[in-house]
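Take 677 as the starting number for the sequence shown in the numbering used here and just add one per residue.
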Amino acid sequence: MEASKVPTLRVRQVNREVVNGAGDYVLYWMIANRRTDWNFALDRAVEWAASLGKPLLILEALRCDYRWASDRFHGFVIAGMEDNRRALEAGPVAYYPYVEPTVGAGRGLLAALAERAAVVVTDEFPCFFLPRMVAAAGEGLSVRLEAVDSNGLLPLTATDRLFSRAVDFRRFLQKTLTPHLLERPRSDPWSTYEAPPWSGPLPAAVTDRWPVAEPASLDLASLPIDHRVTVVASEPGGPRAAEGALESFMARRFARYVDGRLEVRDRATSELSAYLHFGHLSSHRVFAALCGHEDWNVDRLAEKATGSRNGWWGMSPPAEAYLDQLVTWRELGYNSTRLRPDYDTYEALPPWARTTLEEHRQDPRPTLYSDEELESSQTHDSLWNAAQNELVTTGRIHNYLRMLWGKKIFEWSETPRQALERMVELNNKYALDGRNPNSYSGIFWCLGLFDRAWGPERPIFGKIRYMTSDSTRRKLDAKAYEARFGSREGWLDFA
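In C-alpha cells, the structure reads:
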C-alpha cells in the first residue's frame, strides 16, 4: 500500500502474510479503540478499503473469560457497542457486534471472517491480555494482520528508550512531539469515504454460529461474569457519554483544574480516564478540544525543551496542568508498559526501590489485614475505608487518596510483593480505568516507580515516599469525604 495517510510509525505488521487481493472485504477487528472517529486504526482500514476497492466490515467482539470480567466492565463496553451500532447503521460499512455468551463460544469467529478478508486491521494496545491475543491471532491467520497505534499523541514506537522519571520523558516529549501534533486521526472518517459501500447481509454461515449481538437488549445476568461487581449507573459507557463528559469538563471544571483537583464535593478532575481506557474517547479528541478552547496552534510552543511542567505548551495554567497528566504521565505509562513485558511484576520496580524494600522487609508491621478485610473496608482507618468504598461503589478513587490507598495497603501487608498483588487485584477488579498502563503506573508509583529515594529512612517504607492519613486529612476536606463514602449503603451525591 503506497503513501498511507496514517503515520507509518503507528502501523505494525503482526504476521508475515500478504494481502489477499481476491478477498471480499477489509476487516477491522476493533478491540481497544472502540469508537468510530478519531481512530488511526479505523482510518487505516478505511484507507485499505479505498485502495483495494473493497467494502469495510467492522467486528467488535467481547469475550467473557478475561480476568476480572464483570457486569461493570461488560456493561461499559456494551453501552459503547450500542453507540457504535447507531453511529454506523446508516453508513457505508457493516458493523458486527458480538458478545460471547459462554466461555469459548467466540473461538473461531475472527478466523472465519478473516478467511474471506483481503487484509485485517486491529488495534495496538500494550497492556493486559490484548498483546498476547493479537500475537496469537497473527500466527493463526493466513492473511496480513496489522496492528495500528491510536493510543496517544506520541506514537509508541517513536522511542525505544525506557524512561525512569517523568521529567526525562517530559523533556523528550518537548524535543520530539511537535511534528506528531500535526498528525491527527480523522474526526469524521466517512466524509471522504471512497471505498465501495457494504451491500448485502453478513455471511450467514458465520452469523448462524456467532449471532450478531443486540447491545441495547442484552441481559448481563445471562453471562458467565462476576455479577457482584455491579454497573456504575452514574458513569455510563460509550462514545456519546464520553463526548458528554468531555464537554462537561471543559464547561464546568476545566477553569478550576489547577486548584480544584483536591476538592471533595465538586472535584475539578476531567473524569475521562475510563473513556480513554476503553477507547470510547481519543486523547487526540481531548487535545483538539483544549486547542479550540485555547485558540492554540503549534507556533505557541516554547523553543527550548527544559522538562518543566509549565510553559512549554504556551497555554493557560489549567491547560498546561491537564496536558501534563494527559500526555506526560499517561504516555509515560504506555511507554513503560510497551517496553517492559514484566510491567505488572515486582521486578518492574526500580533497583533502588527494591533494595530499600528488601532491607525493610522484615520490619514489624503494627497492623496486618487479610484480603477480605481490605476488600470490605474493614480497617481501623476511616479515611482509607472511605477510599476503598469509593472504589467499590463508583469505580474510581479521589486522585490524592489513591496514593494514600496504595501506601496503606503496603503498610498493612506482610511483604511488598503481596502489597502489589493486592493493589492490582482490588484496582483491576473495581476501577473502571483499571487494567490500563496508567493503572499499573499509579500502583507501582506507591512503591517507587517514577519516583526517587526520600529521607529520612523509615521503618517498613525505607526510602519509599511516606504518606499518612493524618497528613492527607490536612490536604483536603476529609470529613466531607468520609461523610460521602463512609458507608457503601446509600452513599451521598454531593455534586
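Every residue gets a Cβ at the ideal spot worked out from N, C-alpha and C, and that includes glycine. Small disclaimer: the values here were computed from a predicted structure and weren't measured.
Residue burial classification, residue i (beta-carbon count within 10 angstroms, cutoff 16)
{"i": "Gly968", "result": "exposed"}
{"i": "Ala679", "result": "Any reading at Ala679 must be qualified, since the residue scores a pLDDT of 39, below 50, and its modelled position is unreliable; no value is offered."}
{"i": "Ser746", "result": "buried"}
{"i": "Asp1169", "result": "Here Asp1169 scores only 43 on pLDDT, less than 50, and its place in the model is too uncertain to base an answer on."}
{"i": "Val882", "result": "buried"}
{"i": "Lys1151", "result": "exposed"}
{"i": "Lys1105", "result": "buried"}
{"i": "Asn1114", "result": "buried"}
{"i": "Gln689", "result": "exposed"}
{"i": "Ser818", "result": "exposed"}
{"i": "Arg1037", "result": "exposed"}
{"i": "Leu764", "result": "buried"}
{"i": "Leu789", "result": "buried"}
{"i": "Gly751", "result": "buried"}
{"i": "Glu1087", "result": "buried"}
{"i": "Asn1061", "result": "buried"}
{"i": "Asp1000", "result": "buried"}
{"i": "Ser1053", "result": "buried"}
{"i": "Ser1046", "result": "exposed"}
{"i": "Glu1048", "result": "exposed"}
{"i": "Ala1024", "result": "buried"}
{"i": "Arg743", "result": "exposed"}
{"i": "Ser1147", "result": "exposed"}
Beta-carbon proximity check, residue i vs residue j, cutoff 8 Å
{"i": "Leu733", "j": "Trp874", "result": "yes"}
{"i": "Ala944", "j": "Arg937", "result": "yes"}
{"i": "Trp886", "j": "Gly756", "result": "no"}
{"i": "Arg1093", "j": "Tyr1022", "result": "yes"}
{"i": "Leu806", "j": "Leu830", "result": "no"}
{"i": "Pro915", "j": "Asp1109", "result": "no"}
{"i": "Ala834", "j": "Pro731", "result": "no"}
{"i": "Glu947", "j": "Ala921", "result": "yes"}
{"i": "Glu970", "j": "Ser949", "result": "no"}
{"i": "Val796", "j": "Arg686", "result": "no"}
{"i": "Leu857", "j": "Val974", "result": "yes"}
{"i": "Tyr1116", "j": "Tyr1019", "result": "yes"}
{"i": "Ala918", "j": "His953", "result": "no"}
{"i": "Pro768", "j": "Tyr869", "result": "yes"}
{"i": "Gly990", "j": "Leu977", "result": "yes"}
{"i": "Ala717", "j": "Thr778", "result": "no"}
{"i": "Leu1209", "j": "Ser1012", "result": "Residue coverage of the chain in this structure runs from 677 to 1171, which leaves residue 1209 outside it and unanswerable."}
{"i": "Ile1140", "j": "Leu1033", "result": "yes"}
For residue j and residue i, the rounded distance between their alpha carbons
{"i": "Arg820", "j": "Lys1084", "result": "48 Å"}
{"i": "Glu1090", "j": "Leu1044", "result": "7 Å"}
{"i": "Val694", "j": "Met926", "result": "45 Å"}
{"i": "Pro912", "j": "His1074", "result": "19 Å"}
{"i": "Leu1080", "j": "Thr1144", "result": "7 Å"}
{"i": "Leu1008", "j": "Lys851", "result": "15 Å"}
{"i": "Arg808", "j": "Ala1107", "result": "22 Å"}
{"i": "Thr661", "j": "His903", "result": "Residue 661 cannot be examined here, being either before or after the span of the chain that is shown, 677 to 1171."}
{"i": "Ala794", "j": "Tyr1010", "result": "31 Å"}
{"i": "Ala892", "j": "Val907", "result": "15 Å"}
{"i": "Ala842", "j": "Val940", "result": "27 Å"}
{"i": "Val775", "j": "Phe1137", "result": "45 Å"}
{"i": "Ser958", "j": "Leu1015", "result": "22 Å"}
{"i": "Asp713", "j": "Val702", "result": "18 Å"}
{"i": "Asp1057", "j": "Arg1164", "result": "16 Å"}
{"i": "Leu894", "j": "Arg748", "result": "14 Å"}
{"i": "Gly699", "j": "Asp884", "result": "21 Å"}
{"i": "Arg720", "j": "Lys681", "result": "8 Å"}
{"i": "Glu800", "j": "Asp836", "result": "16 Å"}
{"i": "Phe804", "j": "Asn1112", "result": "7 Å"}
{"i": "Trp1167", "j": "Arg1160", "result": "Below a pLDDT of 50, predicted positions are generally treated as unreliable, and Trp1167, at 45, falls in that range; no measurement from the model is reported."}
{"i": "Gly780", "j": "Asp864", "result": "35 Å"}
{"i": "Leu899", "j": "Gly1162", "result": "32 Å"}
{"i": "Pro1181", "j": "Tyr771", "result": "With the chain represented from 677 up to 1171, any question about residue 1181 goes unanswered, as that position is not in the structure."}
{"i": "Phe736", "j": "Ala813", "result": "First, the residue type needs correcting, since residue 736 is Glu and not Phe in the sequence shown. Spanning the two alpha carbons is a distance of roughly 15 Å."}
{"i": "Arg860", "j": "Asn709", "result": "15 Å"}
{"i": "Trp972", "j": "Ala981", "result": "19 Å"}
{"i": "Leu728", "j": "Pro994", "result": "45 Å"}
Residue i beta carbon near the ligand ATP (any heavy atom closer than 7 Å)
{"i": "Ser984", "result": "This structure simply doesn't include the ligand ATP, nor any ligand for that matter."}
Worksheet item: Mind pulling the beta strand (DSSP E) runs of 3 or more residues that sit fully within the region 991 to 1028?
Response: none
If we require 4 or more residues per run, which alpha helix (DSSP H) segments fall completely within the region 708 to 779?
716 to 728, 747 to 764
Minimum length 4: unbroken alpha helix (DSSP H) runs contained in the region 924 to 992: Qualifying alpha helix (DSSP H) stretches, in chain order: 933 to 936, 949 to 953, 959 to 970.
Would you check if there are 3 or more beta carbon pairs closer than 8 Å linking the region 1058 to 1071 to the region 1118 to 1125? no
Notebook entry, point to check: Do three or more CB pairs link the region 1094 to 1102 to the region 976 to 993 at distances below 8 Å?
Noted result: no
* **Within the region 782 to 855, ranges of the alpha helix (DSSP H) (whole runs, at least 4 residues)** => 785 to 790, 806 to 816, 842 to 852
* Would you list, in sequence order, the uninterrupted alpha helix (DSSP H) runs of no fewer than 4 residues that lie entirely inside the region 1073 to 1111? => 1075 to 1087, 1092 to 1106
- Task: Would you mind listing the alpha helix (DSSP H) stretches within the region 1033 to 1064 that are 4+ residues and don't spill past its ends, in chain order?
- Result: Complete alpha helix (DSSP H) runs here, min 4: 1047 to 1051.
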